[in-house]
Structures are given as C-alpha cells and as structure tokens.
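Remarks on the structure that follows.
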Amino acid sequence: MQCSIHVSEDPTARTARAHPGSAGRGKVCAKGIHAPEHTGHHERILFPFLRDGEQVRLVEWEEALCTAAGLIRRTIAQYGPSAVGVYGGGSLTNEAAYLLGKFARVAIRTPNVDYNGRYCMSSAAAAQNLVLGLDRGLTAPLTDIARCAWIWVFGSNLAECQPTLVQYLLEAKAQGATIVVVDPRRTRTADLATEHLAIRPRGDLAFVNALCREIIYNGWFDRDYVERRTSGFCELAAHLEPWTAEAVEGITGIQSERIRELSRAFAQAPSAFILTARGVEQRPDGVETVIACLNLALLTGRVGQEPSGFGCVTGQMNGQGVREHGLKADQLPGYRLIDDPVARAHIASVWNINPGDIPSRGLTAYEMFEAIHRGEIRALFVMASNPVTSSPHAARVREAFAKLDALIAVDLFPTDTTRLAHVVLPAASFLEQEGTLTNLEGRVTYRPQVRELPRHVREDWRILCDLAERLGAGRYFSYTSPEEIFAELARASAGGKADYSGIDYPLLKSGEGVYWPCPSRGHPGTPRPFSERFFTPDGRARLMSVGTWEVFVTHQERPWMLTTGRVVEHYLTGVQTRRTTRLVERVPHAFLEMHPDDALELGVADGERVEVISDVGSVVLPVRRSSRLRRRTVFVPMHWEGGENVNRIVPAILHKISKIPNFKSIPVTIRKCKEEGEPC
Ligand SMILES: Nc1nc2c(c(=O)[nH]1)N[C@H]1C(S)=C(S)[C@@H](COP(=O)(O)OP(=O)(O)OC[C@H]3O[C@@H](n4cnc5c(=O)[nH]c(N)nc54)[C@H](O)[C@@H]3O)O[C@H]1N2
Ligand SMILES: Nc1nc2c(c(=O)[nH]1)N[C@H]1C(S)=C(S)[C@@H](COP(=O)(O)OP(=O)(O)OC[C@H]3O[C@@H](n4cnc5c(=O)[nH]c(N)nc54)[C@H](O)[C@@H]3O)O[C@H]1N2
Ligand SMILES: [Mo]
C-alpha cells in the first residue's frame, strides 16, 4: 500500500514551539521531532481489510464495519456479551478513551474492558488511591520540581523516557539541589544526578523502609504535618522497627552508613520531590514500593506543601487521561468505581440507560488473555495497542489470540496483533485527529488536528460511533465531533474525583490547559489538589505498613537478573519508531546489555550472541558490554516484535492488587551461543 502523504514540514515541533507554557515548555524529544515521518510511512494501513486464513482482502468501510459488527453480534448471541473483550491504549485521546469505555458497556454490554495502562501505571494508581485517596500523576505542577532542594528519582530514566522534563531537574541542580537517582543501571538520568545509588534490583522497598525507619526513630520527621494530615503513624513506626539500615544492607547493596546520612539530609532539606516510575512499579512489590515512597514523602511533610511533592511519572502521551474516564475494568468516567450504586446511577443518567444495564467490574488486561484460553472470551476488540508484543508471556498471548473466533484491531500499522486480526480498521494518527489529553500534572489540554485525514482512514471516535450504529446502539453514539463527546465526558465526570465539568473546548483552546478537578464554569482548576485535605474519607493521608522479607528469596537455578525497559530512540513495541529512519538507523535491533566482567566470564565479546532462558522461554540476542550495569544484572529493551521480543521470556506474574506484570526483575540463565546460526 502506498501512502500519499507528503512529509516535509514538522508539525510536532511547530505545535510545541507555540506552547511555551506546556509541560515540555516548547521542547520536543527526538521521537516527537521525527514522528511526522512515520505517519507517512509506506507500510501505513490506509484501507480497512479482512483476513481469512492467509487471505487478505481490502474492503470498503461498510463491509469492514458490517463484518466486525456481525462477528461481535454472533459472539454475543452464542456466548453472551462477556465473551467479547475490549482493549484500549494510552495513546487515545480523552474523547476516544471515554467512548471506548462507553462502547464496551453500552454497545456490547461487556464487563471485560481494560487497557495497556494496566501494564504501566496501575501500581502507581493503586498506591496513590490507597494512601492519598486519589490517583493523580504528580501532586503538584512540574515547576515545583525545579524549585526543590532535594529530588529522589526511583526507577525512572527521565533522560531517555521523558527528555523534555529533564529541564526541571537541571534547573533545580543549577540552584544547588541534591538529586539522587536510584537505579541498578547507571542511566543517562543517573549521569545528571548528584548521586547514583546502584541498588540491587528489588531492593527499593527495603531501602525506603530503612530511610523511613531512620527518619522516625531519630525524630527527623515533620511531627506537626504527621499529626495534622496523616493517620497510621504508630502502626508504621512499630512495623518499621526491624527495618534497620544494617538489616537491609545486603538486600539493597547500599551501605548502612550511607542510608543513615541520606535519611538525615533528606529529612532536613527545606523542600523535596519524590518521583517514581516503572523501575519500581512493574514488579511483584510495585504497589508496596510506591506506598513506601509515599510514606517517605508524608513523614517529611512533602505532599501539599509548596514547592514539594510526590509523583509517578506517566508513561504514554495520554496515560493520565485515559485512566480517568472509564477504560479500566473497575471504573466509570471521572474515576468513579463501577461497584458504587451512586456512581452507576449518575453515569446511567448521562448515558440514558438503566443503571442495572451497566455491567459490573471485569477482567484486567492479562487476565482477559487467560480467559481466552479458557474459552470464556471469544472475540476481542483492540484499539491503539499491540498486546501480542507488549504483554508478558508473549507466546502464550499469541496462542490465545490465535484461538479467538474474532479479533478486530484498529491501528496505523501492521503489528504482531493486527497480523492475527480478522478485521483491521485503519486509524488516524495523532496529527490527524483533534481531541484533548491530560498530562501527568492532571492538566487537560487541547490538541488540534494539524494534518488532513488520509482518504480512507477514520478517527478512533468515528470508528466507535460507526460500529456502535451497526450494533444497534447508534442512538447512544450520535456525535458529530470530539467537542460534543468532550461535553458529555465533562457531564459524566461531574461530581467524580477527576471532575472536568467546568472545562470546555473554548477554554482549553484559549490557554495552556486546565488542572482538574474543575467542577464549575469559571473555576480556576486545581494544580495542587492536596493543599487542604486528602481524598480519603477522613481527609488524612494514610501511612501504610508495607514490606515483608520473603520477596528477597533468590532463584537458585537462574542466577542472572533480567530487567527490561526503554532506550531513547524507540517507543514501546517500536511500531512507530522502527518506521522512522533516523531512529531505527541508530538502534536497528534488540540487544542485551551486560557488565564487561560478566561478559569476560562468559567469554562473549560485543555483538556475540547469548541465549537468555527464563521459566517460560528463551531468546537469542547480541551482547553489548556496559559498565553501567551491576554485575549479574542484564538489560534488554522492549521495542521489537517477533523473535526479538523480550516478552517471550517475561513470565506473567501479576501483582495481586494492581495486576501489573513483573517486567523488571526476571531470574534468567544465560548461555553463550556456539556459532553463528547454530543453536546454543
Ligand atoms: N524513549 C522512550 N520513552 C518512553 C517510552 C519508550 O518506550 N521509549 N515509553 C513511555 C512509557 S509508556 C513509559 S511507562 C515510560 C517508562 O519510563 P521509565 O519507567 O523511566 O522507563 P523504564 O526503562 O521502563 O524503567 C526505568 C528504569 O528502571 C530501572 N529499574 C529496573 N529495575 C529496577 C529496580 O529494581 N529498582 C530501581 N530503582 N530501578 C529499576 C531500569 O534500569 C530503568 O532505567 O516511558 C515513556 N517514555
Ligand atoms: N518487557 C516489557 N514489556 C512492557 C513494558 C516494559 O517495561 N517491559 N512496559 C509496558 C508499558 S509501560 C506499556 S505502556 C505497554 C505498551 O504497549 P502497547 O500498548 O503495545 O504500546 P505500543 O507499542 O505503543 O502500541 C500502540 C499501538 O497503537 C497504535 N497507535 C498509535 N497511535 C494510535 C491512535 O491514535 N489510534 C489508534 N487506533 N492506534 C494508534 C500504534 O501504531 C501501535 O501499534 O507495554 C508494556 N510492556
Ligand atoms: Mo507505559
């Protein structure tokens, strides 16, 4: 298929420059600068098509939509609506995400709707909900970071993953701030810190507990703040008693003396920000580690005081907004819980249906794929995600998808997922559809359409409306623009925690965005939601006792620790960035990073291949030596499909609360491959 789009101007950079008040303050990262290129790539899907076995047939929209609707109807008739799963992604606009949640509940009436953010922000969300009563990326605007005297960075590689936000760290550093990066790898973020702690993988919870213990037992905590604004202090103090700096030294690899010094210096810093990201969240103790970091912030009075705060750095473009408006298995728009009768009644009135017709909570992302294996889910609708590559135990997920009676995928490019789909619908890129986004600060912004839609491509919201109509639910989806959808979303969110009801398009278009909650017209928005009280029933933040010693058992047979993540050049499963010349030229293939001494021991040189074996599979990858890693810890980026996909060896071990998979600490065995082309 040939794409007719001519790529010459750079609308991303132009748009960013026009917004100096945005989070990136007019800066764009390498992926953003080159993004217009991939939207014009010759492999772009520009027509709907149907697949029957090996046969692929380009069709008109009408036939594609009728086929998709027919497959969904047939599944519902035979197995009931719960047999249809819906899976979304964090690159959708607020409008499309809201509509996809509504589509699942109203047009299909399935409880089984979730999205890729389950693999991303769900530990952060669970922890913030438990402790603060609200899941809000950062508790204060980004500009506070630049004004802080101390910044902790736990498991976040900002310099490669959010390069446009590095300016806030640099500004703070220029004014003398202490920046401590905690990461088993010496990342580019660690390079710009004042100190890098090369913690043992999984050591963070013990480390933070020890910091909190020192702060409590030496009386360095903010007594007044703790008394006024928190609950659970005595229980936490008792729980932390055994978590001494000495006791955690072996688990963390950080000397007890240093732990004590850091505790005191941090507690005495006049202002501080604590940041976490996937390095500490995508783990079997991810929720607990974020809770421990929140304890640290609360004991020292950092949440709600200016300039200070806490935050889990959001991943995808609209990772924050998409999780607020009903794309999660247990939530309705405005962060309402789907089990709450009052919430159901409100949403039902906005949707013009009976509260009893809203399904109950459903299965989360990976759980849906296991339900396919059990024959409970028979059809899946995937929009803006590539779960066959991005899910743990990728081979098992692929098997599940191959079993489906119907797979309908909406995407821009061929992916591991669309290659298994029976119906593929071509989606508009971010340049071609307008809508709103919500960033990690809880700031809602307007994104204009800056390019014309290719002729046979449709916007996500329009595809959902068209499909709903063919499913007999057209009257609930009769929108003519994203603005109309936003107006409904705002009404649906009214009274909820993420209240957008005072926001509309003209307001967003006239400025640099509005911080929710914004519950009425003329309301200025809420950049600091916790200044007065927390969103818990008693208004206090909950200090919580977390951490058991049992997670630290090491795997006897698999002595290496694999961690997976990102490089600056590529984005997620690489579908877009592997189609961007300058990015793919820089990093064309997957690789395994290993300490030079480990490489010497194994007898492998740069570029030589090793087999990495876990409990669920193996991959063969070329080695890159790097003294930036701890010994016995190896790193593989996640940006490749097929045989290069690291998720072939990531087992599906889900956190019991958040259901996030453990992408960050996988015990593996590593063997040198004998010769080129030979099995290891
Ligand atoms: N270039 C680029 N940028 C991106 C993305 C991308 O794919 N490419 N994806 C976006 C998305 S969706 C997300 S979620 C974010 C992710 O942003 P980050 O969370 O910052 O990225 P990761 O590379 O997944 O992991 C961060 C760090 O965690 C470290 N880590 C691993 N194990 C541990 C541990 O036990 N303890 C500690 N303290 N650290 C550990 C890793 O070494 C790694 O440097 O990035 C966003 N930005
Ligand atoms: N091993 C390992 N695996 C991981 C992670 C890890 O750290 N390690 N991180 C996890 C995390 S944090 C995340 S967020 C997930 C993400 O994993 P995925 O959800 O698979 O993310 P992408 O690769 O961005 O896939 C998005 C797809 O949507 C398409 N797309 C882009 N924009 C649009 C749009 O506007 N509309 C439509 N319809 N389609 C669009 C793209 O072409 C692409 O195919 O991966 C997770 N998987
Ligand atoms: Mo993510």
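The sequence shown lines up with residues 39 to 718 when you count with our numbering.
Ideal Cβ placement from N, Cα and C applies to all residues, glycine included.
Excluding five sequence positions before and after residue 555, the CB atoms of its chain that fall closer than 6 angstroms to its own CB belong to 537 and 564, given in chain order.
Taking each of 243, 283 and 439 in turn and checking the Cα distance to residue 588, the smallest one comes out for 243. From the listed residues 122, 66, 322 and 625, the smallest Cα separation to residue 205 is found for 66. Buried is the label assigned to residue 122, since at least 16 other Cβ atoms lie within 10 Å of its Cβ.
Within a 10 Å sphere around the beta-carbon of residue 306 sit fewer than 16 other beta-carbons, which makes this residue exposed. With contacts defined by Cβ atoms closer than 8 angstroms, residue 580 and residue 586 do not form a contacting pair. One Cα belongs to residue 712, the other to residue 686, and the distance between them is close to 21 angstroms. Minimum Cα-Cα distance from residue 93 among the listed residues 458, 601 and 199 corresponds to 458. Checking the 7 angstroms criterion, the Cβ of residue 171 is out of range of every heavy atom belonging to ligand 3. Across the set 294, 88, 130 and 502, the C-alpha of 502 shows the shortest separation from the C-alpha of residue 512.
Contact between the stretch 683 to 703 and the stretch 461 to 480 is absent: fewer than 3 CB-CB pairs across the two stretches fall below 8 angstroms. The Cβ-Cβ distance between residue 134 and residue 498 falls below 8 angstroms.
Boundaries of the alpha helix (DSSP H) around residue 116: 99 to 117. Measuring C-alpha to C-alpha distances from residue 402 to each of 368, 433, 392 and 427 identifies 368 as the nearest. The count of Cβ pairs closer than 8 angstroms, one atom from the stretch 160 to 173 and one from the stretch 450 to 465, stays below three, leaving the stretches out of contact. Taking residue 270 as reference, the option from 309, 582, 534 and 647 with the minimal CA-CA separation is 582. In the DSSP assignment, residue 129 falls outside any alpha helix (DSSP H), carrying neither H nor E. Between residue 440 and residue 113, the CB-CB gap reaches or exceeds 8 angstroms. Between ligand 1 and the CB of residue 200, the shortest heavy atom gap is smaller than 7 angstroms. Shortest Cα-Cα distance from residue 139 to any of 598, 399, 534 and 405 involves 399. Judged by pairs of C-beta atoms under 8 angstroms, the stretch 653 to 672 touches the stretch 599 to 608, as three or more such pairs exist. Counting along the chain, the unbroken beta strand (DSSP E) around residue 417 starts and ends at 417 to 421. The set of residues with CB atoms less than 5 angstroms from any heavy atom of ligand 3 reads, in chain order, 158 and 353. Looking at the DSSP output, residue 453 sits in no beta bridge, so it has no partner there. In this structure residue 272 is not in contact with residue 314, their Cβ atoms being roughly 26 angstroms apart against a cut-off of 8 angstroms. Around the C-beta of residue 213, fewer than 16 other C-beta atoms lie within 10 Å, and the residue is accordingly described as exposed.
Across the set 393, 360, 677 and 435, the C-alpha of 677 shows the shortest separation from the C-alpha of residue 617. The beta carbons of residue 507 and residue 611 sit about 31 angstroms from each other, so the pair does not count as a contact at 8 angstroms. Distance from the C-beta of residue 153 to the nearest heavy atom of ligand 1 is not below 7 angstroms.
Taking residue 336 as the centre and dropping the five residues before and after it, the same chain places the C-beta of 169, 263, 264, 267, 268, 579 and 581 closer than 8 angstroms to its C-beta, in chain order. Every unbroken stretch of the beta strand (DSSP E) spanning 3 or more residues and falling wholly within the stretch 156 to 244 is given here in chain order: 188 to 192, 216 to 220 and 233 to 235. Runs of alpha helix (DSSP H) with 4 or more residues, each lying fully within the stretch 330 to 377, are found at 357 to 360, listed in chain order. Secondary structure note for residue 673: its beta strand (DSSP E) is the uninterrupted segment 671 to 675.
Annotation for residue 710: the continuous beta strand (DSSP E) segment containing it runs 704 to 710. The Cβ atoms of residue 311 and residue 182 sit closer than 8 angstroms to each other. Residue 704 and residue 652 do touch by the CB rule: their CB atoms are close to 6 angstroms apart, below 8 angstroms.
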